[in-house]
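Okay, so the sequence shown: first residue is 0 according to numbering that gives the first Met the number 0, each after it adds one. Glycine residues also receive a C-beta, built at the ideal position from the N, C-alpha and C atoms. Computed from a prediction, not measured in an experiment: that's the story for all the values here.
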Amino acid sequence: MTTYSTPATEALAEVLSGLTEVAAWQLVPSAAGDTLLVAGPATAEEGVSGAGSASATHAAASGDAAISGTDLTELPALMRLLDENALLTIARILDRTRLFRGPEPRTAAEVVNALGAVPRHAWIVRRWLRTLVDEGRLAHDPVAGGYRDLTAPDRAQHARARRTLDEARRGMGYPESMTRFFLAAADRLPLLLQDRTSLQGVLFPEGDTGTAEGNYRDSAPSRWANHAAADLIAQEAHRRENGGRPLRVLEAGAGVGGTTEAVLDAVRDARIDYLFTDVSHFFLQAARTRFGATPGLRTALFDINADPAVQGFAPGSHDVILAANVLHNARHAGRALAALRELLTPDGLLVLVESCRERYQALTSMYLLMSPQPDEEGWFTDLRAGQDRVFFSEEEWAKQLDAAGFRPLPVLPPAGHPLAALGQHVIAGRPSPGHGRPDPARVAQALARLPGAARPARVHAVDRVLPTTTSGATS
Ligand SMILES: C[S@@+](CC[C@H](N)C(=O)[O-])C[C@H]1O[C@@H](n2cnc3c(N)ncnc32)[C@H](O)[C@@H]1O
């Protein structure tokens, strides 16, 4: 399969076809310079690492211990209450546009227009419409290409649903500030969609990080995932304790430090060199105040969408990379994973925490933080391109880890665990040996004779390419 079209990519494809070690490639476009992913001949699928099962079981036990006392049987029903609440809020906002009061179908563009949503948030409105259809609250007419027959709550039903939010939040272990946040975001939705106010102001009132901390640290699914992730890292510290140097941890998108806190506690007896990073100065400052006294902890800016080398990060410089609720922000997850693998030692450990199921509360809150910037062309350029979605499923993460050159460890919580269906997962992997992976330096050298415009800014070697953008096979 080959899908190149411009003279520049044709020239690139021609050079790559002369390199016997490159069997497949993919060009990932970016305003900061394109990245070329190159893979060698296909090898047998390695599958989930059996060696990781004991450590996964240990980590799951730590997750369970962190939420002991929580009635897990109640959680799915409470999550459903939160979902229901968001659905009713969306239905009520759409009802207030009056577009659905008559029988004629309305297109997504008409709804975006009626809400006055700015182009960067239009995907959220399209997502609302599809979700209401999935939940039986709206009909989609594929022939007319529109939506009709909205089932919306009246004012009293909506007010009742808003009251149940607090009950659900308490049962899930969220602090009281979460109810205030969800309700405040819901009340401002039309203004938020119009970019006339920002969600940051609601989430971090006067710079206070308490609400976000409650979300990423205190709720039962987050507490479980943070402690399971921390346990995997503590096991890694233990495995390397005679190595003669501190455990070098890079945390990407560390934010309000919900996961950091659990990790620092779990490795408190080990020597560590912990690099707390985020794309935003705001979180680094807060982290210096909060974790500043921790020996071995430093802070730095790091953008998962930019070339680590340009940001001063050396290949093979970390034993552990942790990214909790951040990697879905990668414009191309495969490229970001390949770059992170280069930063790891060959026997290093990657630990991700990710939501693998869409929670409807995000549709009325956090999604506002995930839209592209007004000046950003395109958005996700990976499997999600053109799909108006942010999160990957568990299977999609496994495929992407494998393609980027990681041997996945068993995903946590394990299947059948009461928290598994709620969507928050710990996804870990170790660099695979990469037999036959092309040498990126040699590929870059071969491409040096191309004119500047046809030359990618960076080359990463991967085990497989998942063709979605410009890609090709040389044999
Ligand atoms: C949902 S928060 C998770 C915070 C933290 N990991 C936790 O669990 O407490 C996402 C974080 O990713 C950061 N982030 C967003 N885009 C990023 C990027 N391109 N590179 C690095 N960090 C990013 C945000 O600033 C934010 O702190």
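Near ligand 1: residue i beta-carbon under 7 Å from a heavy atom
| i | result |
| --- | --- |
| Tyr215 | yes |
| Asp374 | no |
| Ile320 | no |
| Ile303 | yes |
| Gly252 | yes |
| Val14 | no |
| Gly475 | Since the first residue shown for the chain is 0 and the last is 474, residue 475 is missing from the structure and cannot be characterised. |
| Asp277 | yes |
| Val201 | no |
| Val325 | yes |
| Asn328 | yes |
| Phe282 | yes |
Extent of the continuous beta strand (DSSP E) to which residue i belongs
| i | result |
| --- | --- |
| Arg247 | Leu246 to Ala251 |
| Val319 | His317 to Ala323 |
| Pro484 | In the structure as shown, the chain starts at 0 and stops at 474, and residue 484 therefore has no counterpart that could be examined. |
| Asp462 | Asp462 -> no beta strand (DSSP E), and no H or E assigned at all. |
| Arg297 | Leu296 to Leu300 |
| Arg147 | Gly145 to Arg147 |
| Ala308 | Element bounds for Ala308: n/a, residue is neither H nor E. |
| Asp140 | Ala138 to Asp140 |
Exposure label - residue i; buried when at least 16 CB within 10 Å
| i | result |
| --- | --- |
| Gly242 | exposed |
| Pro455 | buried |
| Arg244 | exposed |
| Pro373 | exposed |
| Gly200 | exposed |
| Pro432 | exposed |
| Thr208 | buried |
| Gly101 | exposed |
| Val425 | buried |
| Glu250 | buried |
| Thr19 | exposed |
| Arg463 | buried |
| Ser67 | exposed |
| Asp230 | buried |
| Phe282 | buried |
| Thr2 | Because Thr2 carries a pLDDT of 49, less than 50, the predicted location of this residue cannot be relied on, and no value is offered for it. |
| Ala402 | buried |
| Ala427 | buried |
| Arg216 | buried |
| Met0 | Bear in mind that a pLDDT of 39 at Met0, under 50, signals an unreliable position, so the model cannot answer this. |
| Val142 | exposed |
| Gly404 | buried |
| Gln386 | exposed |
Below-8 Å beta-carbon distance, residue i vs any chain D residue
| i | result |
| --- | --- |
| Pro307 | Although the question refers to chain D, the structure presented lacks it and comprises just one protein chain. |
Nearest residue (CA-CA) to residue i, options the options
| i | options | result |
| --- | --- | --- |
| Glu357 | Arg441, Asn324 and Asp217 | Asn324 |
| Ala419 | Gln372, Asp462, Val352 and Leu449 | Val352 |
| Thr72 | Ala219, Pro373 and Phe290 | Ala219 |
| Pro75 | Gly32, Ala167 and Leu98 | Ala167 |
| Gln310 | Leu339, Gly333, Val461 and Arg136 | Leu339 |
| Thr88 | Ala185, Val110 and His280 | Ala185 |
| Thr258 | Arg448, Glu212 and Leu202 | Glu212 |
| Leu202 | Ala265, Met177 and Ser221 | Met177 |
| Asn328 | Pro189, Leu343 and Ala305 | Ala305 |
| Gly32 | Gln25, Ala452 and Gly252 | Ala452 |
| Val389 | Pro371, Gly291 and Tyr173 | Pro371 |
| Ala59 | Ala228, Ala292 and Arg126 | Ala228 |
| Leu421 | Ala335, Ala22 and Met171 | Met171 |
| Glu134 | Pro118, Glu175, Asp148 and Leu86 | Leu86 |
| Leu349 | Gly315, Ser364, Gln25 and Arg162 | Gly315 |
| Ser54 | Pro40, Val262 and Pro409 | Pro409 |
| Ala183 | Asp153, Leu198, Asp194 and Val442 | Leu198 |
| Ala65 | Asp82, Trp223 and Val110 | Trp223 |
| Ala308 | Phe99, Leu36, Ala236 and His459 | His459 |
| Gln156 | Thr293, Gln193, Arg429 and Asn84 | Asn84 |
Boundaries of the alpha helix (DSSP H) in which residue i is found, first to last residue
| i | result |
| --- | --- |
| Asp230 | Ala219 to Arg238 |
| Asp272 | Segment Ile271 to Asp277 is the beta strand (DSSP E) holding Asp272; no alpha helix (DSSP H) there. |
| Val442 | Pro439 to Leu446 |
| Glu83 | Leu74 to Arg95 |
| Thr163 | Arg154 to Met171 |
| Arg289 | His280 to Phe290 |
| Ala64 | Ser52 to Ala65 |
| Leu488 | Beyond the ends of the chain as shown, which are 0 and 474, falls residue 488; an answer cannot be given. |
| Ala211 | Gly209 to Glu212 |
| Val110 | Ala107 to Leu114 |
| Leu198 | Leu198 to Leu202 |
| Asp70 | Premise fails: Asp70 is in no alpha helix (DSSP H) and is neither H nor E. |
| Val124 | Ala121 to Asp133 |
| Ala261 | Gly257 to Ala265 |
Length at least 3, wholly inside the region 360-448: the beta strand (DSSP E) runs in chain order
405-407 and 423-430
What are the uninterrupted segments assigned as beta strand (DSSP E) that are 3 or more residues long and contained completely in the region 2-47, given in chain order?
23-27 and 34-38
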